[in-house]
Amino acid sequence: MLDLLKEPVLAVQEFFLLTGRAFRNIVRKPHYSADIFLQADTIGVGSLPLVVLVGLFSGVVMALQMSRALNQYGQVEKTGTLVAITLVRELGPVLTAIMMAGRNSSGIASELGSMKVTEQIDAMRALGTDPVQKLVTPRLEATCFMLPLLTVIADFVGMFGGWIIAIGFLHIQSRQYWSSAWRALEWNDVTQGLIKPLVFAVIISLIGCFYGLRTTGGTQGVGRSTTQAVVAAVVLIFIVDVLITKIFVSQGAS
Amino acid sequence: MPNETRTPILRFDNVTVSFDGVPALSGLSFEAYESESRVILGAAGSGKTVLLKTALGLARPDSGKVYAFGRDLTRMRERELFEIRSKIGMLFQEGALFDSLNIEENVAYPLLNQKSIKCPPDQVHSRVAEALEFVELGGTLERFPSELSGGMRRRAAIARAVVTAPPLTLYDSPTAGLDPITAHTIIALLIKERDTANTTTLVVTHRYQDGNLIANFRYNSEQGNLQPAGDGATPRARTTFMVMKEGRLVFEGDQDRLEASTDSYITKFVKRRE
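Chains as they are written, first to last, in our numbering: chain A, 1 to 254; chain B, 1001 to 1274.
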C-alpha cells in the first residue's frame, strides 16, 4: 500500500520543487526576455482566435438558455445581468483556461518532452544553462501575463455574443442589455474573474513543463506526457476553481 | 615527466549511480590523465552513457566521489557545476543539437552561455566559423539541424563540443547509426581534435575499429590526414581501453592486454589486429 503511494507523493514533491525553482528564477539572473516574448506570442497571441470563438459562442448559448429560464418569471430584460455574471465569474476564466490547457499544456509538454528524450535538456545543462531558468520560467511568466488578458477578451466577446441574441431574438434594447450587464458586476466578481486566470496560468504552464521534463521512453513517452499533462491540468483547473469560488462566495456573503 | 601530468583530469572513486533503485554504475573507479585517450566499450545498457553523464555532473552518484580537474563534483550545487562543465566538451549520442536554433546559434551557444568562458561578443562569429571549418561544415551556418544529414549533425555537434577548446572531451557513441565512411570521418575528427588541442579524450563506442583508430593513428597537421603511429617519429597516443558490463568495470588496460584477454564477454568486443 505504501509503495503504491510512494510514486504519486514523490511526483507531487517534484512538482512543488519545480514550482519553487520556477518562481525563484523570476528574480534571478539571467533573464531570457527574448524567450518570454516568444512564448507570449505562441501561447497568448496564438490562442487568440480560439479564445474569441469559444468566448463568443459561450455568450450566445448563455443568453439563449438564460432567456428561456428568465421568461418564466417575466424577467427577460435581466439577460444581460446573468450573462455578465456567469461569464466574468465562471465561464470566461474556466473555458479559456481549459482551451489553453488543451492547446498549451500539451504543446509545452510535447516540446520539452521531445527535448528531454533527445538529450537536449542534458545538453543545455552541459552548456551552462539551467533548463528551469531557460525553459520553465519564461513559459510561466508568459502564461501568467497572457491568460488574464485572454480571459478579459473572452469575457467581453461573450457579452458581445449575448448582446447579439438579446437584440436579435429577445428584443431587448441595446442600452438596457449593456447597463444591466455593467450594473450586475461588482468588484468581488471582477477580482475573482482575474485571480482565477492567474492561478490557472500557473497550473497550465507548470504542469506542461513538469510532465515534459520528466518524460522517458522515447517518442511514445512524449505522447504519454502530453496526454497526462492535459488531463492533470484540466482536473486541477476544476479543483482550484471550486476552492477559489468558495472563498469568494463566502466573502460575498459576509 | 612533469609533475602536473600525474594529477588526474578525471577521477572516479568507487562511484555507484542508480535510477529508481536499479544500479547503472556499481563501484566504478578509474583515473584519466592529461592528454590520455580512453576508449570505453560495453554492451547496450552497461552504463557507458551514465559514466559520461556522471563525469559532467549531469547524474549524481549515490555513493563514491567524482573529481574533475581536482574538484569534487559530488559536493557541488548545479550552479557551481557550470564552471567545471565549461572545461568539458560533450558530444551526446544523437548530437542533441537544439532544434529551434540554426547551426551557427547552436555552436555559439556555449560561448554565449557559459559564464566562465568570457568570449567577447565580436569574436563569437569568428570562433564559430573556425569550429565549423574544423569539422568541414563551413557553409552550414544558417541551416537548421533538421536540414542536415545524420553525419553532418554529428559533426556540427562536435563543433559545439570543442568550440570552447575544453581540455577534456567526452564522446558518447560518436559513430552510432552512421555508415562506415562517415563513421571513419567522425573518428578522424576526434583524433584531429585530440592531437591538435592535446585534450584528454573519453570515447564511448561499441565499434572496436573506432578504438583501434584512436589508439594507433595520429593526425598529421601538415598533410591534413591520419597516419599510423608507433614508428618512432610519431609515438602512439596513450590509450587505455575500458570494458563495462552491467555497470561494472570488467577490464582496464592497453590494447595488447585487451586483445590477449580470453574472457568471453570481453572477446565479443575485440577484433584482433592481423
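Beta carbons are placed, not taken as given, at the ideal position from N, Cα and C, and that holds for glycine.
Since this is a predicted model, take the numbers as computed values, not measurements.
Kindly list the residues whose CB is nearer than 8 Å to the CB of residue i, restricted to its own chain and excluding five residues on each side of it in sequence; keep chain order.
i	result
Asp1172 (chain B)	Lys1048, Thr1049, Leu1052, Met1090, Leu1091, Phe1092, Gln1093 and Val1204
Met99 (chain A)	Ser47, Leu50, Val51 and Val54
Gly1230 (chain B)	Asn1216 and Arg1236
Val1015 (chain B)	Leu1025, Gly1027, Leu1028, Ser1029, Thr1054, Pro1061, Ser1063, Gly1064, Lys1065 and Val1066
Val117 (chain A)	Thr215, Thr216, Gly217, Gly218, Thr219, Gly221 and Val222
So what does residue i bridge to, in DSSP terms?
i	result
Ser1173 (chain B)	Looking at the DSSP assignment, Ser1173 (chain B) forms no beta bridge with any residue, so it has no partner.
Gly1253 (chain B)	B:Phe1241
Ala997 (chain B)	The structure shown does not extend to residue 997 (chain B), since chain B is modelled only from 1001 through 1274, so no value can be given for it.
Leu1028 (chain B)	B:Val1015
Gln1227 (chain B)	B:Arg1218
Ser1261 (chain B)	Answer is none; Ser1261 (chain B) lacks a bridge partner.
Pro1023 (chain B)	B:Ser1018
Going by beta carbon distance, what residues of the same chain come within less than 6 Å of residue i, once the five residues before and after it are set aside?
i	result
Gln133 (chain A)	Asn25
Determine, for residue i, whether the minimum Cβ-Cβ distance to residues of chain A falls below 7 Å.
i	result
Gln1114 (chain B)	yes
Pro1166 (chain B)	no
Arg1085 (chain B)	yes
Phe1082 (chain B)	yes
Ala1096 (chain B)	yes
Tyr1067 (chain B)	no
Tyr1171 (chain B)	no
Met1090 (chain B)	yes
Pro1174 (chain B)	no
Pro1110 (chain B)	yes
Glu1004 (chain B)	Because the pLDDT of Glu1004 (chain B) is 46, which lies under 50, any placement of that residue in the model is unreliable, and the number read from its coordinates should be weighed accordingly. It does not: the Cβ of Glu1004 (chain B) has no partner Cβ on chain A nearer than 7 Å.
Flag residue i as yes if its beta-carbon sits less than 7 Å from any beta-carbon of chain B, otherwise no.
i	result
Asp41 (chain A)	no
Thr216 (chain A)	no
Thr129 (chain A)	yes
Ser254 (chain A)	Reliability fails at Ser254 (chain A), whose pLDDT of 46 lies under 50, so the model's placement of it is uncertain and the value that follows must be treated cautiously. No, no contact with chain B.
Glu7 (chain A)	no
Compare the beta carbon distance of residue i and residue j with 7 Å and say whether it is the shorter of the two.
i	j	result
Ser1018 (chain B)	Asp1062 (chain B)	yes
Ala166 (chain A)	Thr81 (chain A)	no
Leu1056 (chain B)	Arg1085 (chain B)	yes
Ser67 (chain A)	Leu170 (chain A)	yes
Ala1108 (chain B)	Val1128 (chain B)	yes
Val230 (chain A)	Ser106 (chain A)	yes
Cys209 (chain A)	Leu112 (chain A)	yes
Thr1234 (chain B)	Ile1214 (chain B)	no
Ala109 (chain A)	Thr219 (chain A)	no
Ser1116 (chain B)	Met1244 (chain B)	no
Asn1102 (chain B)	Phe1134 (chain B)	no
Gly1151 (chain B)	Thr1182 (chain B)	yes
Glu77 (chain A)	Ile172 (chain A)	yes
Measuring alpha carbon to alpha carbon, tell me which residue in the options is nearest residue i.
i	options	result
Leu38 (chain A)	A:Gln120, A:Thr137 and A:Val117	A:Thr137
Pro1008 (chain B)	B:Leu1168, B:Thr1074 and B:Leu1028	B:Leu1168
Lys258 (chain A)	A:Val94, A:Ala40 and A:Lys29	Since the displayed chain A opens at 1 and closes at 254, residue 258 (chain A) lies outside it and no answer follows.
Asp1013 (chain B)	B:His1125, B:Ala1131, B:Asn1102 and B:Gly1070	B:Gly1070
Leu206 (chain A)	A:Arg139, A:Lys6, A:Ser174 and A:Thr245	A:Arg139
Excluding sequence positions up to five away, which residues of its chain have a Cβ less than 7 Å from the Cβ of residue i?
i	result
Gly1211 (chain B)	Val1039, Leu1041, Thr1205 and Phe1241
Tyr1219 (chain B)	Ile1191, Lys1192, Asp1195, Thr1196 and Leu1226
Lys1271 (chain B)	Tyr1208
Ala1032 (chain B)	Pro1008, Ile1009, Leu1010, Arg1038, Thr1200 and Leu1202
Arg103 (chain A)	Ser47 and Leu50
Determine the chain E residues that contact residue i at a beta-carbon separation under 7 Å, and present them in chain order.
i	result
Leu1058 (chain B)	The displayed structure is made up of protein chains A and B, and chain E is not among them.
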